[in-house]
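Below is one structure, written out as structure tokens, with a few remarks after it.
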Amino acid sequence: MDKIFFNKMAFYGYHGVYEEENRLGQRFYVDLEMRLDLKPAAQTDHLNLTVDYGQVYEMVKHEVENSRVQLIETLAENIAQKLLANFPIKEILVRVTKPDPPIPGYYDSVGVEIIRSQG
């Protein structure tokens, strides 16, 4: 299966369990790997047989910047379901990273990664 991917899309959103996360917001990074058959699009050179990168970006941006959820697990799930419903994707990997979560310790970031398939 072929793959279209996005690496480290950056957005500012208001997701989290803690009140200060919902009040102050924070950066989120989203990575995607979308698996689908790209041969028909490659052979015909037609955008409607593949995934419109601009539309994908705008859908993810809208989900991160305009919704509010407590868990990044929920955010990742919402992104996956929205993209699966709107594009000919067979399987999608969504990775959501919080580079600055409000937890003590020394680390680069925390995040979740989910894989969902067309049902």
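First residue of the sequence shown: 1, per UniProt numbering; consecutive thereafter.
Just so it is clear, CB atoms sit at the ideal spot from N, CA and C, and this is done for glycine as well.
Q: Tell me the start and end of each unbroken beta strand (DSSP E) in the region 59-112 that is at least 3 residues and wholly inside, in chain order.
A: For the region 59-112, whole beta strand (DSSP E) runs of length 3 or above, ordered along the chain, are 91-98.
Q: With DSSP collapsed to three states, give me the class of Val17.
A: coil
Q: Please state whether DSSP places Leu38 in a helix, a strand or coil.
A: In this structure, Leu38 counts as coil in the three-state DSSP scheme.
**Q.** Close Cβ partners of Thr97 (< 6 Å) along its chain, the five nearest in sequence each way excluded
**A.** Tyr29, Ser109 and Gly111
Q) Looking at the structure shown, is Val51 part of a helix, part of a strand, or coil, going by DSSP? A) coil
**Q.** Beta carbon proximity, Asn86 to chain C, threshold 8 Å
**A.** Judged by its chain identifiers, the structure shown contains no chain C, having just a single protein chain.
Q. How would you label Val51, buried or exposed, when you count the other beta carbons within 10 angstroms and need 16 or more for buried?
A. buried
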